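Protein chains in written order, with our numbering: chain A, -9 to 335; chain B, 39 to 582; chain C, 1277 to 1628.
Think of the CB as a built atom: it goes at the ideal place given N, C-alpha and C, for glycine as much as any other residue.
Predicted model only: the values in this text are computed from it and were never measured.
Have a look at this one:
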């Protein structure tokens, strides 16, 4: 018994001593005036090389260029989403950003509780009340939504023009409205340049797991390539890695999504339909600094540079100048409002 | 086990009983002041041993006295925490098994360490195979077995598979294996536990021959008759300590037992003869059988679970007041027979009646309520929930009698525990202690108290004194006798022939799932029963 | 209770204390390796949890779910069964509660709606627990494998039901329940404002007490513990081992299912995909640290809830992974220390 007590006292002494160790580079507490921004990622979101990392890039740029001070929170479980937002809101941050549609309910709730804090929600989906009616966001909440259908329209046209086939492929992750926007835009883009072309659209599943299933992605892509498809556009998270693998094996082309994915299968990625989450986050911070922040729903499309497709040194060789010109013409039509891209199937 | 129940006992001074040996033989092995603890359990605390060259040295003690631990230290399987071991005057404390084997110390374990799918010869040379090129030289291995066999008398056919051998033969292979590795000092851990009387005789012959050739034998046992018969010197251990060392010729079983336990004991063999109230003065067997049997088993067949039948048509009836003993080498269907009667094992065919009631298809609980008590053969596995308090163990199987609307009646459980702990002298007398904290003997007393401390017309007593110290054996035997005298029918199954002969009014020998003979005790003796136990006699005998 | 060796009381408390100190020291070293001051991090951690009513509320909320899953694992272990299915049982319980809440009309009075939803949660989890229970009792199938596999099946099925049939708008959750919501603690004590803590915590405490009573005061509990400790002895004691195992896993599933009440009735009022992911598995750690005892489980649940919520509070200066490592260190420290300390204490008693 005495030995046990001795062990306990020794441990306690070590612990107490360590408590007072203060490494030189330790982060000092937040203090003083400045632009304080909080970002809450989704559970397990950080490091996804897409959406959450896009938000991170935008915030880092805001630190560099706008002198913002940013606090990041990575929740450990579902309940922590609200807790993370609340933690930041309670500290009186100037702007609190929730990354992902799953934050919608929590953001709607908190923006009402903290009217002096500004909030922004990436892919914010307006919650519905018990009767099923949409609840518009309050004035201190900016809902940053993307017109994925517009970017998808352009890559659809591009795919049809370089695909050398009447069949085009689409592989979605989870079969639900957010992804239907990609499919609808892609179809419309294909039809715009090739009226008799056909789009084969398939989904990896009906649960969120469908975004994390490369095996299924490869399976679907191989069968599409087999049936004569030469280009596949995926909107399926890491399931798309399987699509790329299939493209590499069959020597066909694939189109990436959200961020520039050409590095995943160099030479086999025709382009990527990028969602400029970094841009959206950066502009949100900028608007707060400039005092121009406004609540409401913002649809970020081609005109706002919220979505785009990649055209650079990596894929210039795959896209003839004539094709490029045709696609850019379509972009102008959309920006000018002469073409309305559908967002539902 | 850490809480020692020895407190109530008197401990004689070391060596106070019997004369000290003053051997002139040179000491082959000397161990002094050995201490070895496993976790909180001190298996050896002041163990010592002196073995003279060329003798058969018996190491005796109750279960848990530390005999096996000491031997495992000698064989290099454990390193002692303290103390010194010398072989031929050389300090070998804490050596490895390899060093022990090289120095000629070999141990035959209680549990065989043979590969059943290999032949005798292959097992013998395993690990040190004679080779011809890269291949095992089978002829050489076979020759080794035969040479060694003729020299020592340990004859086993070298080409038989170990899985086909009887227990006695397997043990011979173990001994051969140790000898083949050049052992000059043989340690045998309870070698006779699994042997029938003729096999024991053979083993003694082999050991005598080996010592005549200059080998030395250390024999671990707790059977006093074996000590008297075979050994030259006896070392007695109690509670991890060596308490005495005497020459066998100067010792008596009673004296050794006293040293083992630390007080006077009455041995099972000291059966009260021609007393006023002994069971043998009851009406004779024939007339008793006329009265209604308390337990009546007819043509019972029980599957072994291995594809054949373990019990192949056994019938018997036990009248009230009789102890019916079943002898036999273990593994001949006794366990399955008892389990089937108790309700732990399904009956393939046949019937079991308790009095007039057919209990063949009743559950455990119903059989208990019908008046069947059962002391199971393995108290650690079946008889007790070791982590349960004594009080809770004392209601196991009868918990429904200590329940009111689904809730345990703590008051009744405590009252029951107080009565039983006092009535059966369970020590320490604290019913809140877990059963695991008790000595083997006191654990068995808990089982006995539960099964016998209530109304029961029939008792199944299976190995009731296995692994129990001499003092508790005496207590348990007295209880069984008293139960029979009070008109209870007792079915006694024991691997210990002495126990069966001491308690039973009739003795059946079970071999290969059948009763090969049933004799009144007056006609039964080790000499008569031995051939039946090995299957040499009574094949095909029908049960009465 | 089960092993009342005199003096073990001190050991029972000393061992976890030493384990926690070891974990704290390991945590110090981890924090230093991230270039931060342990003093700052621990201060922030405590301020963000027990330092204010909101943080405390969050801790209580998380501890409530963990108490249920911890009890679910502990009850299984008492019966000698390793229930790794609390994750799926919890989700099924939450889903069932939401379905019940959706099925009743909005005008249903709380005294009817709440018990109905609670019973639905217990049944939802209980059914998921009964499957491995039945397979174990009838065929001797390993409950470890069956419960693990059933997690995948249940979660996939529920996700599909929500995603394909029940979700509203672009979300992954069901519509809000019509009736059956229970009050938040903030409704009773405004200081808790904003925290998810709700009156389900009362249910958790009552459930823990009921499990204790069941295990140690009833014959069914006697049979269950005997089965867990020594199935052969239980069989000898007239206990129908298969039936006890079935009952134990079904009850364990029901306990985990009740955890769904905390989220669905107490917090969000709808079922959302992955609402408590990880709480089922963390229940294993809670049971281990709580020594499978109904009194220890809520305390262990508070501990892990504190680490979880505190991790969020210090997330700004140390990465989330540090908290995950710290959780693992606590588990390992307890698993290693408790038997070791008992050994030392026992040795000490002998010498004394």
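Do the CB positions of residue i and residue j come within less than 8 Å of each other?
i	j	result
residue 420 of chain B	residue 1499 of chain C	no
residue 1514 of chain C	residue 401 of chain B	yes
residue 1583 of chain C	residue 1603 of chain C	yes
residue 1635 of chain C	residue 1589 of chain C	Here chain C has residues from 1277 to 1628 only, and residue 1635 of chain C is not among them.
residue 1369 of chain C	residue 1535 of chain C	yes
residue 1571 of chain C	residue 1335 of chain C	no
residue 136 of chain A	residue 324 of chain A	no
residue 1538 of chain C	residue 1350 of chain C	no
residue 1256 of chain C	residue 1532 of chain C	Here chain C has residues from 1277 to 1628 only, and residue 1256 of chain C is not among them.
Buried or exposed: which applies to residue i, given that a residue is buried once 16 or more other Cβ atoms fall within 10 Å of its Cβ?
i	result
residue 133 of chain B	buried
residue 7 of chain A	exposed
residue 1304 of chain C	buried
residue 1273 of chain C	Past the edges of chain C, shown from 1277 to 1628, lies residue 1273 of chain C, and the structure says nothing about it.
residue 1282 of chain C	With a pLDDT of 41 at residue 1282 of chain C, under the threshold of 50, the modelled position of this residue cannot be trusted; read the value that follows with caution. Exposed.
residue 239 of chain B	exposed
residue 1519 of chain C	exposed
residue 1495 of chain C	buried
residue 151 of chain B	exposed
residue 310 of chain B	Below a pLDDT of 50, predicted positions are generally treated as unreliable, and residue 310 of chain B, at 44, falls in that range; no measurement from the model is reported.
residue 30 of chain B	There is simply no residue 30 of chain B to check, as chain B begins at 39 and stops at 582 in what is shown.
residue 216 of chain A	exposed
residue 103 of chain A	exposed
Contact between the segment 421 to 441 of chain B and the segment 466 to 480 of chain B is defined here as three or more beta-carbon pairs at a separation below 8 Å; is this criterion met? Yes: the two stretches touch, three or more of their Cβ pairs being nearer than 8 Å.
Could I get the ranges of all uninterrupted alpha helix (DSSP H) runs contained in the segment 175 to 225 of chain A, with 4 residues as the minimum, in chain order? Here the runs fully enclosed are 204 to 216.
Considering only residues of the segment 174 to 212 of chain B, which uninterrupted alpha helix (DSSP H) runs meet the minimum length of 4 residues and lie entirely inside it, listed in chain order? You should have 176 to 190.
Residues from the segment 434 to 452 of chain B in contact with chain C, defined by Cβ distance under 7 Å: 434, 435, 437, 438, 441, 444, 445 and 446: these are the residues of the segment 434 to 452 of chain B whose beta carbon lies less than 7 Å from some beta carbon of chain C, given in chain order.
Touch check for the segment 257 to 272 of chain A and the segment 62 to 82 of chain A: three-plus C-beta pairs under 8 Å? The answer is no - the segment 62 to 82 of chain A does not touch the segment 257 to 272 of chain A, with fewer than three Cβ pairs under 8 Å.
Taking 8 Å as the threshold, find out whether the segment 1522 to 1530 of chain C comes into contact with the segment 1436 to 1454 of chain C through three or more Cβ pairs. No: fewer than three Cβ pairs fall under 8 Å.
Between the segment 336 to 343 of chain B and the segment 387 to 394 of chain B, are three or more C-beta pairs nearer than 8 Å? With the rule of 3 Cβ pairs closer than 8 Å, the segment 336 to 343 of chain B counts as touching the segment 387 to 394 of chain B.
Got a sec: which bits of the segment 1311 to 1323 of chain C sit with their beta carbon under 8 Å from any beta carbon on chain A, in order along the chain? Taking 8 Å as the Cβ-Cβ cut-off against chain A, the residues of the segment 1311 to 1323 of chain C that qualify are 1311, 1312, 1313, 1314, 1315, 1316 and 1318.
Using 8 Å as the cut-off, can you tell me whether the segment 507 to 520 of chain B makes contact with the segment 286 to 303 of chain B, which would need three or more C-beta pairs spanning the two stretches below that distance? The segment 507 to 520 of chain B is in contact with the segment 286 to 303 of chain B.
Residues in the segment 491 to 524 of chain B with C-beta within 7 Å of chain C's C-beta atoms, listed in sequence order? Within the segment 491 to 524 of chain B, no residue qualifies.
Pairing CB atoms from the segment 546 to 555 of chain B with CB atoms from the segment 342 to 354 of chain B, are three or more of them under 8 Å? As far as the Cβ criterion goes, the segment 546 to 555 of chain B touches the segment 342 to 354 of chain B, which means the pair count is three or higher.
Say whether the segment 198 to 206 of chain A touches the segment 289 to 296 of chain A, bearing in mind that this needs 3 or more beta-carbon pairs closer than 8 Å, one atom from each stretch. Because the criterion of three Cβ pairs below 8 Å is not met, the segment 198 to 206 of chain A and the segment 289 to 296 of chain A do not touch.
Taking 8 Å as the threshold, find out whether the segment 236 to 254 of chain B comes into contact with the segment 117 to 131 of chain B through three or more Cβ pairs. By the Cβ test, the segment 236 to 254 of chain B is not in contact with the segment 117 to 131 of chain B, since fewer than three Cβ pairs between them sit closer than 8 Å.
Would the segment 430 to 446 of chain B count as touching the segment 514 to 529 of chain B if we require 3 or more Cβ pairs under 8 Å? Not touching, per the Cβ criterion.
For the segment 254 to 268 of chain B and the segment 89 to 104 of chain B, state whether three or more C-beta atom pairs, one from each stretch, are separated by less than 8 Å. Cβ pair count under 8 Å is three or more, so yes.
In the segment 353 to 375 of chain B, which residues sit with their C-beta less than 7 Å from some C-beta in chain C, listed in chain order? Residues are counted here when their Cβ sits less than 7 Å from a Cβ of chain C; for the segment 353 to 375 of chain B the count is zero.
Which of the residues in the segment 55 to 81 of chain A, read from start to end, lie with their CB under 8 Å from any CB of chain C? Interface annotation for the segment 55 to 81 of chain A against chain C: 61, 62, 63, 64, 65, 66, 67, 68, 69, 70, 72, 73, 74, 76, 77 and 80, criterion Cβ-Cβ distance under 8 Å.
Near-chain B residues of the segment 1473 to 1498 of chain C - C-beta to any C-beta below 9 Å: Contact residues of the segment 1473 to 1498 of chain C toward chain B are 1489, 1492, 1493, 1494, 1495, 1496, 1497 and 1498 (C-beta to C-beta distance below 9 Å).
Threshold first: 4 residues or longer. Then list the alpha helix (DSSP H) segments lying entirely within the segment 202 to 287 of chain B, N to C. Counting only runs of 4 or more, we get 205 to 218, 235 to 250 and 262 to 268.
Below 8 Å, how does it come out for the segment 1412 to 1432 of chain C and the segment 1349 to 1364 of chain C: are there three or more Cβ pairs, yes or no? Yes, the segment 1412 to 1432 of chain C is in contact with the segment 1349 to 1364 of chain C.
Can you give, in chain order, each stretch of the alpha helix (DSSP H) that sits fully within the segment 116 to 146 of chain B and has at least 4 residues? You should have 135 to 140.
Would you check if there are 3 or more beta carbon pairs closer than 8 Å linking the segment 98 to 112 of chain B to the segment 274 to 284 of chain B? Touching, yes, given that three or more Cβ pairs across the two stretches are closer than 8 Å.
Taking a cut of 8 Å between CB atoms, which residues from the segment 154 to 180 of chain A lie near chain C? For the segment 154 to 180 of chain A, which is checked against every Cβ of chain C, the residues closer than 8 Å are 164, 165, 166, 167 and 168.
The segment 1508 to 1526 of chain C: which residues have C-beta closer than 9 Å to a C-beta of chain B, in chain order? The segment 1508 to 1526 of chain C vs chain B, Cβ under 9 Å: 1508, 1509, 1510, 1511, 1512, 1513, 1514, 1515 and 1516.
Ordered list of alpha helix (DSSP H) runs contained in the segment 84 to 109 of chain B, each at least 4 residues: Taking only runs of at least 4 residues, no alpha helix (DSSP H) segment lies wholly in the segment 84 to 109 of chain B.
Chain A contacts from the segment 1572 to 1591 of chain C (Cβ-Cβ distance under 8 Å): Listed by position, the residues of the segment 1572 to 1591 of chain C near chain A (Cβ gap below 8 Å) are 1584, 1585, 1587, 1588, 1589 and 1591.
What are the residues in the segment 1544 to 1557 of chain C lying within 8 Å of chain A by C-beta distance? With the criterion set as a beta carbon lying under 8 Å from some beta carbon of chain A, the members of the segment 1544 to 1557 of chain C are 1544, 1548, 1549, 1550, 1551, 1552, 1553, 1554 and 1555, in sequence order.
Using a Cβ-Cβ cut-off of less than 8 Å, give me the residues of the segment 1421 to 1434 of chain C that come near chain A, in sequence order. Residues of the segment 1421 to 1434 of chain C with a C-beta atom less than 8 Å from some C-beta of chain A are 1432, listed in chain order.
Does the segment 1469 to 1477 of chain C come close enough to the segment 1541 to 1553 of chain C that 3 or more CB-CB pairs lie under 8 Å? With three or more CB-CB distances shorter than 8 Å, the segment 1541 to 1553 of chain C counts as touching the segment 1469 to 1477 of chain C.
Continuous alpha helix (DSSP H) assignments of at least 4 residues falling wholly in the segment 133 to 174 of chain A: Listed in chain order, the complete alpha helix (DSSP H) runs (minimum 4 residues) inside the segment 133 to 174 of chain A are 138 to 152.
Evaluate contact between the segment 219 to 228 of chain A and the segment 161 to 180 of chain A, counting only Cβ atoms and requiring at least three cross-stretch pairs below 8 Å. Contact between the segment 219 to 228 of chain A and the segment 161 to 180 of chain A is present, because at least three Cβ pairs lie under 8 Å.
Interface residues of the segment 86 to 97 of chain A facing chain C [CB-CB below 8 Å]: With the criterion set as a beta carbon lying under 8 Å from some beta carbon of chain C, the members of the segment 86 to 97 of chain A are 91, 92, 94 and 95, in sequence order.
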